[in-house]
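Here is the structure we will look at, set down as structure tokens.
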Amino acid sequence: LHCALNMETVEMNSVSLKRPRSEDDVANADEIKRQKISEKSKTKNDSGQSVETVTEQPDKSLLEDTKNEIIPNEESEEQEDEELEDSDEDGDPESFADMMKHGLTESDVGITKFVSSHKGFSGILKERYSDFVVHEIGKDGRVSHLDDFSVPVDDEDPSEETFTVLSDEDKQRLEELQLLKNKETSVAIEVIEDTKEKRTVIHQAVKSLFPGLETKTEDRDGKKYIIAYHAAGKKALANPRKHSWPKSRGSYCHFVLYKENKDTMDAINVLSKFLRVKPNIFSYMGTKDKRAITVQEIAVLRITAQRLAHLNKCLMNFKLGNFSYKNHPLKLGELQGNHFTVVLRNITGTDDQIEQAMHSLREIGFINYYGMQRFGTTAVPTYQIGRAILQNNWNEVMDLILKPRPGAEKGYLVKCREEWAKTKDPAAALKKLPVKRCVEGQLLRGLLKYGMKNIISAFGIIPRNNRLMYIHSYQSYVWNNMVSKRIEEYGLRAVPGDLTLKGATAVHIEEGDVDNYTIHDVVMPLPGFDVIYPKHKIGEAYKEMLVADNLDINNMRHKIRDYSLSGAYRKIIIRPQNVNWEVVAYDDPRIPLFSTDLDKLEGKPLPVLPTDGKFRALKMEFSLPPSTYATMAIREVLKMDTSIKNQTQLNTTWLR
């Protein structure tokens, strides 16, 4: 494995973003009431506190976290894309803070209410990505932990020598042959110090490290050569070889993936590149956030635990362990949720405020809003694109995705957008784009292929999950706004006309029955053709909001089936489970305040913390069901706006 070529680095730039208290921050409830539903409220929340950017990812998965969808492309393009994408935010802190002024605030996406009565306080979240740790909870309720590096012993496994017998040059040539990168139909490897054992090891090495290649031995000029060739032409590329897998062993190797500062799709891309297989042989139950330490289960088809364990020597910000063989892959959404360990640093709240806030989180919970990351980070929110798709307004869809916009974007995207605005020429705009895997690049390629008159087909080139993300974002936008309106109108109690679930079916709460329900039983619909709406004022408010957006709530079927929305129900209040917290003192912001799974495995002692440090941190733990946002729980504790725009008003500091 070419470890040196593709070494992943652990430390990436981290951003600590604070904002000052400002008079504008005080919410004006009367103002909000006066505004029409169709208009975006410009008011802000309850307190002018500071917090760092959060990107907790809900685990409904690919439908929800789709910016990292793998798009099959030319290998060289992928390489280039990765190098460019890994250069994270460019520009100086001032320009970043400046650009973020154009982003969204919470009130822009309907997030305006709190359920608790305590006074808000400030803190910094994700000052280091290691301050945010996510452990997946499997369908059996077990929390995933990395606590075992041992490999299940198997007589069928190749020897350790398999991984070292081929030279780097041999591996390079074999990889090019495997990926059909040159005209060669075979690769010959000379057997130095020829013995039968040595030849067997080389045969094994080629077949196990380069799936799809076969080998044979040949005599040439009195020397022995191992000849590698394609077993079945192109079809064999990275196809796990059926006959080489023992019948007694489950076809899937399940393992726990511990990763730092990488999201799940990126991690799988890297693993598949090192293993020289296609990413689609991996399966998982949910995608996890990038800017965090996360621990989750992954399954991979017909790759041995031995090969996977070997990656631990090469990849710095991943660790793989807890290997087992099973007969089934993992399915999206099969998880019970996630357990979070979060550190809020430099908190200002009194002990009383903190106790009140955490008791409220445990007893009442938080509003189950869709978090800010659901709506994108630029001045063009994803819900606007979703709305245009539902309106069947394809010129608008194209314009919203490609037009120039203020805000934090990479330089090459800015140039691409400028070129598009100037020429409306997909080929010219594509030339400005070194990264082709982004949505803009895919749409431009589609326009090049199908022409400007066929935007629907051009848009269809974007992977399905990415396309659906836009319309789900619009549904989330409607849901957030309606929930704020529902809480404004009726408070934190169940009222007649509310909806609740009986099994999977939604029913209205009747007048005589209302005392049997609490706010924790109430659900609200994401708009669609297969849901019912509340029977009180909020049912009408849904209709009005969609009418203002030129949509008919009674006709959510789209002539393109993919974009027909069936709708769903979502609880309006979530009570986290297993809530625990403590306040700790510290002096050095770079020192970790708790041990990770990896620290424990490596026997690292916890740093000794001062009893009377310069700073205080709130360390909290809680479990949430899938598809809920930890950011929204933290927002309820701090009583503050979690949007990046509001976090970068003044003080952007960059920690190295």
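Just so you know, we're using this note's numbering here: the sequence shown kicks off at 4 and counts up by one. By construction, the Cβ of each residue, glycine as well, lies at the ideal position given by its N, Cα and C atoms. Because the structure is a prediction, the values reported are computed rather than measured.
Please classify residue i as buried or exposed, where buried requires at least 16 other C-beta atoms within 10 Å of its C-beta.
i      : result
Ser569 : exposed
Ile284 : buried
Leu609 : exposed
Asp171 : exposed
Met268 : buried
Lys633 : Reading off the sequence, residue 633 comes out as Ala, not Lys. When all chains shown are included, Ala633 counts as buried.
Glu67  : Residue placement at Glu67 is poorly supported in this model, since its pLDDT is 31, which falls under 50; the coordinates are not used for a value here.
Val346 : buried
Asn71  : Low confidence applies here, because Asn71 scores a pLDDT of 29, under 50, leaving its location unreliable and the question unanswered by this model.
Arg223 : exposed
Lys642 : buried
Ile594 : exposed
Ala432 : buried
Lys322 : buried
Ser153 : exposed
Asp516 : exposed
Val438 : buried
Pro613 : exposed
Ala507 : exposed
Leu596 : buried
Ser25  : Here the model assigns Ser25 a pLDDT of 34, short of 50, so the residue's position is not dependable, and the following value carries that caveat. Exposed, since its Cβ has fewer than 16 Cβ neighbours within 10 Å.
Ser479 : buried
Ser630 : buried
With the cut-off set at 8 Å, would you say residue i and residue j are in Cβ contact?
i      : j      : result
Ala588 : Gly616 : yes
Leu333 : Ser286 : yes
Val525 : Ile577 : no
Ala302 : Tyr261 : no
Arg470 : Asp552 : no
Pro528 : Tyr572 : yes
Gly324 : Val259 : yes
Ile1   : Arg202 : No answer is possible for residue 1: it lies beyond the span of the chain, which begins at 4 and ends at 659.
Leu446 : Ile459 : no
Asn320 : Asn264 : yes
Val586 : Arg560 : no
Met548 : Asn583 : no
Tyr415 : Lys434 : no
Gly661 : Met635 : Here the chain has residues from 4 to 659 only, and residue 661 is not among them.
Val137 : Ala295 : yes
Val664 : Ala509 : Summary: the structure shown does not reach residue 664, with the chain confined to residues 4 through 659, and so no result is reported for it.
Pro592 : Arg348 : yes
Ile563 : Pro530 : no
Thr218 : Val204 : no
Kindly give me the distance between the Cβ atoms of residue i and residue j, rounded to whole angstroms, as I take these residues to be in contact under 8 Å.
i      : j      : result
Asp150 : Leu604 : 7 Å
Thr167 : Ser211 : About 13 Å separates the two Cβ atoms, so there is no contact after all.
Ile350 : Ser125 : 7 Å
His523 : Val498 : Not quite, the Cβ-Cβ distance comes to about 14 Å (not below 8 Å), so this is no contact.
Gly454 : Phe462 : No, Gly454 and Phe462 are not in contact; Cβ-Cβ is about 13 Å, not under 8 Å.
Gly113 : Asn483 : 3 Å
Phe343 : Leu627 : 7 Å
Looking only at its chain, what residues have a beta carbon closer than 7 Å to the beta carbon of residue i, apart from the 5 residues adjacent to it on each side?
i      : result
Ser476 : Arg377, Phe378, Thr385, Tyr386 and Gly389
Arg145 : none
Val442 : Ile404, Ile465 and Asn469
Glu139 : Ser147, Met288, Gly289, Val298, Gln299, Glu300, Leu338 and Asn341
Leu554 : Leu393 and Gln394
Pro282 : Ile73, Ile271, Asn272 and Ser275
Using a Cβ-Cβ cut-off of 8 Å (strictly less than) and excluding sequence neighbours within five positions of residue i, which residues of its own chain qualify?
i      : result
Gly193 : Reading off the sequence, residue 193 comes out as Glu, not Gly. Result list for Glu193: Lys226, Lys227 and Tyr228, in chain order.
Thr521 : Arg496 and Ala497
Lys142 : Met288, Glu337, Leu338 and Gln339
Glu366 : Arg578
Glu196 : none
Asp590 : Pro613, Gly616, Lys617 and Phe618
Can residue i be considered in contact with the ligand ATP, in the sense that its beta carbon sits closer than 7 Å to one or more heavy atoms?
i      : result
Phe625 : By its list of ligands, the structure shown contains no ligand whatsoever, and the ligand ATP lies outside what it can speak to.
To which residues of the same chain is residue i closer than 6 Å at the C-beta, ignoring the five residues directly before and after it?
i      : result
Ala360 : His121 and Val640
Glu358 : none
Gly368 : Ile576, Ile577 and Arg578
Arg567 : Sequence check: residue 567 is Ser here, not Arg. Contacts found: Arg560 and His561.
Should the segment 172-189 be regarded as contacting the segment 332-349, the criterion being three or more beta carbon pairs within less than 8 Å?
The segment 172-189 vs the segment 332-349: no contact.
Check whether the segment 119-134 touches the segment 390-399, taking contact to mean three or more Cβ pairs, one atom from each stretch, closer than 8 Å.
Contact between the segment 119-134 and the segment 390-399 is absent, because fewer than three Cβ pairs lie under 8 Å.
Determine, using beta-carbon pairs with one atom in the segment 487-495 and one in the segment 410-430, whether at least three such pairs fall under 8 Å.
Contact check between the segment 487-495 and the segment 410-430: fewer than three CB pairs, one atom from each, fall below 8 Å, which does not count as touching.
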